[in-house]
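*Asks:* For the sequence shown, the working numbering begins at 61 and goes up steadily by one. All C-beta atoms in this analysis are idealised placements derived from N, C-alpha and C, irrespective of residue type, glycine included. Small disclaimer: the values here were computed from a predicted structure and weren't measured. First, the structure itself, so that you have it in front of you.
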Amino acid sequence: MVWAGCLVAALIAVPREQMFTRAGLDYFAFPLAAFVAQWVPFILLKNDLLARPARQVWGDLVKQVPFWAGLALFTYFTLQALNPWGTVVERDLFWKIFLEKPVTWLPSGLAAPLLSDEDPGGMNAWRVMLILGGPWLLLCALRVTVTRRRTYVFLGWVALASASCIAVFCLLNQPASGEVLGFKIPVDIRVFGVFMNRNHGGVYLYLNAAIALSLTFWYLRRAGGSSVKGGPYLLAGFIFLLLSVFALFSNSVGALLVVGLLLFLTIPVAVIRGMLFANESTRRHVFMTLAALLVAAVLIGFMADFQGVEKKVATKVTNFKALGLDDRAPLRAATWEMATAGGTSGKVWTGWGAGSYRWVSPVFQARQPALQDAHGHLQVRAVYAHCDWLQMLAEWGVIGILPVLVGLGWLATLLVRAFRPGTPETIPLACVLVFFGLHAAFDLLCWFTPLLFTLAVIIAALGCFIEKSSAAQRSRTV
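Written as structure tokens, this is what we have:
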């Protein structure tokens, strides 16, 4: 009710002539999003929450590997934050790190501002926990409360409706100046709707495209021989094409590659492997549906204007031919140097501290010739490594990476089971998780909370689809 009150207050406070302007809508964006984000899960989870007592839900929670992996990781961040080896002091767009005396046998971190109006902006261990904590809590909550596949199907349709609206808004709103949700647009940057970083827009759309593809196969499998009569799978397939095309409009090369993999690798694998036990009639209707989607994709490809992503690809190819490396290679080299500085007696074991990259990395970036100007100084400072896995290693160290590896190991067991015959709807979800992990090695993805929330839903849905499948139920009864 708090957010409903905020909406009412915004209706009263915002003048009528400004209500539908960009500045006026900013007052409604956050409370409306918060209101919807609380009521939709409440509606979805109501029956599940009332179906089981809290003691049983807690018993299921403590059996979840992601719960303990996240708890261990956040405990590690807390130790780093409370045991700083240095303190960041900002002044006039510059900062200086003053050394402290930490407890040497405990992991140490960097005491830095949580918020800052100065460049490069605040970041510390507490802010990292805010970024990662929400998606982690959502994943844990979904794993122990939403245990029915139909609930995830409904949640998938909610996600697709939201993603479709956002996709259209992003295409129609690409300003190069002004503000986006209160954040000033940097110089020489053209945003993609609500995404300051266009790559994030492409990733958000291809994640939801994978959800649409999963729903397409879900309805095709369940329709069986009656799929020729039509059904929700046609709508889900169309949304898959729509979101895939809009992902390309983000001009993200990573999104282009993932969309291509979804089309030309994931779909064939889902048909061949997932529909292995389907009868001949069902297979025929599946091929007819996919043929129709292919024709629609070709027509869209001829009509749409992809000059933006074509120029981006051409630029990257030219740079690769000239340097023999991609344009993110110097940042990866600097991050690796930061992670391994001092060898085995340095920070490689415990890391520099969660949230420390933007404060510490400029020293190592300045040593890369490709990042220097004509005078040998650092030309452009990067606040992210554009390789999430290396940045995690640099900030958290080998010890801090261990909980992440445990979580990834648990996820790997789900990915292997996702390719069992008979459940084609799990294959797109599993594939897009693998593609996302590969993409994260060349971009900054894991520090953007909306993407992580979508990942949490995909992982939870994947687990439910696998564990509640007919094959899984039969294996438990044997």
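1) Identify every residue that forms a DSSP beta bridge with P144.
2) Please name the residue, chosen from W419, Y136, R344, that lies closest to L280 on a Cα-to-Cα basis.
3) What ranges does the alpha helix (DSSP H) occupy inside the stretch 361-421, keeping only unbroken runs of at least 4 residues that lie completely in it?
4) Rounding to the nearest angstrom, what Cα-Cα distance links G65 and S312 in this structure?
5) If we count the other Cβ atoms within 10 Å of its Cβ and call it buried at 16 or more, is D503 buried or exposed?
6) Are L232 and F306 closer than 8 Å when you measure CB to CB?
7) Counting along the chain, where does the alpha helix (DSSP H) carrying W186 start and finish?
8) L166: buried (16+ other C-beta within 10 angstroms of its C-beta) or exposed?
9) Grouping DSSP H, G and I as helix and E and B as strand, with all else coil, what is Q234?
10) Please report the Cβ distance between A520 and L453, rounded to the nearest whole angstrom; I am assuming they are in contact, meaning their Cβ atoms lie under 8 Å.
11) Rounding to the nearest angstrom, what Cα-Cα distance links T349 and A296 in this structure?
12) Relative to the C-alpha of W507, which candidate in A272, E397, Y417, A227 has its C-alpha closest?
13) Is it the case that the stretch 256-271 contacts the stretch 490-505, given that we only count it when at least three CB pairs across the two stretches are under 8 Å?
14) Do you know offhand how far E160's Cα is from S176's?
15) Would you grab the beta carbon distance between W456 and G411 for me? Rounded to a whole angstrom, and I think it's under 8 Å.
16) Among W145, P484, A430, which residue has its Cα nearest to the Cα of G406?
17) F158 lies in the beta strand (DSSP E); which residues open and close that run?
18) Short of 6 Å in beta carbon distance, which residues of its chain neighbour F134, apart from the five on each side in sequence? Order them along the chain.
19) Starting from the Cα of F229, find the closest Cα among Q428, G413, F309, F127 and give me that residue.
20) Which of the three DSSP states, helix, strand or coil, is assigned to F479?
21) If we ignore side chains and look at the alpha-carbon of each, how far apart do K244 and R250 end up?
22) Taking buried to mean at least 16 other C-beta atoms within 10 Å of its own C-beta, is L197 buried or exposed?
23) Express the C-alpha separation of F137 and F424 in angstroms, rounding to a whole number.
*Replies:* Reading off the structure:
1) G169
2) R344
3) Taken in chain order, the whole alpha helix (DSSP H) runs of length 4 or more contained in the stretch 361-421 are 367-383, 389-399.
4) 39 Å
5) Around the beta carbon of D503, a 10 Å sphere encloses 16 or more other beta carbons of the protein chains shown; the residue is thus reported as buried.
6) no
7) 185-205
8) By the Cβ-count criterion, L166 is exposed, with fewer than 16 other Cβ atoms from all chains shown falling within 10 Å of its own Cβ.
9) Coil.
10) Incorrect: roughly 27 Å between the Cβ atoms, too far for contact.
11) 11 Å
12) Y417
13) With the cut-off at 8 Å, the stretch 490-505 and the stretch 256-271 touch.
14) 22 Å
15) 4 Å
16) W145
17) 154-159
18) M189
19) F309
20) coil
21) 12 Å
22) exposed
23) 23 Å
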